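Inspection log for the structure reproduced underneath, given as structure tokens.
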């Protein structure tokens, strides 16, 4: 009898453990939610000092409005290709919002892609721009995945079914860059993520139609080496290619308005990104 009871207990315990594992796997938080939860870490917030004042004075770009898939509209900063083109680069903001730094960075990519690619910086906060870390954290924490996806899907519809789309973004935008590549489906031709939270669902990663260039910061504690290593394993499990470069730098090392800015490493990361995109767009 004791042996029978022990066997039943073992089977029951094993079943409960297996079920718990499945629940944890099924209920694993999304990459967007994982990124949003970082705002609860005071150290993460403190690592983003307010950006220095800057006014973008470029003349090639303009703000546009397009319809989103949730029945609303969204804004974006667009730099149109100099000649007719089906090549598009979607740029995704840091947690500050679509500020003038992002417009300047968009223009830099536009110029280095020789004006052959239309560059569109999406406004993921619907007009809100933060100038201090507390407000930026509030905006990022309040950003709803459904609205973020609706904006991205609206942008895909805006550029049309024949568009070839690559994406790039930093921090919050790094995470959104990968999500946009997923949303873009077969139209996706490239994806660059600067220190953004990777997608954690292998089944979703299986739907990617492009490889990924991941540029990460080795000294940061949030999107750290364990997170990056798991992303590489997940991409391999999904049968997808990812190229990872981890820099000996702090989070936001590529942002010239951040105290962690490292020009040498930022320049190296940018060259990797622009050369990758040039190859994807054949420019």
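Numbering (mature numbering (1 follows the signal peptide of the UniProt record, and there is no 0)), first residue to last: -20 to -1, 1 to 263. For each residue, glycine too, the CB sits at the ideal point set by N, CA and C. All values derive from a computational prediction rather than experimental measurement.
For this session: Starting from the C-beta of residue 28, find all residues in its chain whose C-beta is less than 6 Å away, skip the five residues before and the five after it, and write them out in chain order.
Result: 113
For this session: Going by CA-CA distance only, name the one from 150, 151 and 138 that's closest to residue 53.
Result: 138
Exercise. In the DSSP assignment, what are the bridge partners of residue 187?
Worked result: Paired residues: none, contrary to the question.
Problem set entry | 6 Å Cβ shell around residue 211 - same chain, five flanking residues per side excluded | 178
Exercise. Looking at C-alpha atoms only, which residue of 194, 231, 226 and 237 is the closest neighbour of residue 257?
Worked result: 194
Problem set entry | Buried/exposed call for residue 215, threshold 16 Cβ in 10 Å | buried
Problem set entry | Residues that residue 201 bridges to, as DSSP identifies them | DSSP output for residue 201 lists no bridge partner at all.
For this session: Tell me where the alpha helix (DSSP H) around residue 47 begins and ends.
Result: First-last for residue 47: 42 to 47, but that is the beta strand (DSSP E), not the alpha helix (DSSP H).
For this session: Please list, in chain order, all residues of the same chain as residue 32 whose beta carbon is under 6 Å from its beta carbon, the five residues on each side excluded.
Result: 237
Exercise. Whose C-beta lies closer than 7 Å to the C-beta of residue 87 among residues of the same chain, with five residues either side of it excluded?
Worked result: 38, 40, 41 and 59
Exercise. Across which residues does DSSP place residue 150 in a beta bridge pair?
Worked result: 174
Exercise. How long is the line joining the alpha carbons of residue 147 and residue 55, rounded to whole angstroms?
Worked result: 17 Å
For this session: May I ask you to report which of helix, strand or coil DSSP gives residue 6?
Result: Only weak support exists for where residue 6 lies, its pLDDT of 37 falling under 50; the value from the coordinates is given anyway. Residue 6 falls in the helix class under three-state DSSP.
Problem set entry | Residue environment, residue 190, which counts as buried when at least 16 other CB atoms sit within 10 Å | buried
Exercise. Ends of the beta strand (DSSP E) at residue 58?
Worked result: 53 to 59
Exercise. If we ignore side chains and look at the alpha-carbon of each, how far apart do residue 254 and residue 248 end up?
Worked result: 10 Å
For this session: Spell out the partners DSSP gives residue 225 in its beta bridges.
Result: 195
Exercise. How would you label residue 77, buried or exposed, when you count the other beta carbons within 10 angstroms and need 16 or more for buried?
Worked result: buried
For this session: Would you mind stating whether residue 149 and residue 160 have Cβ atoms separated by less than 9 Å?
Result: yes
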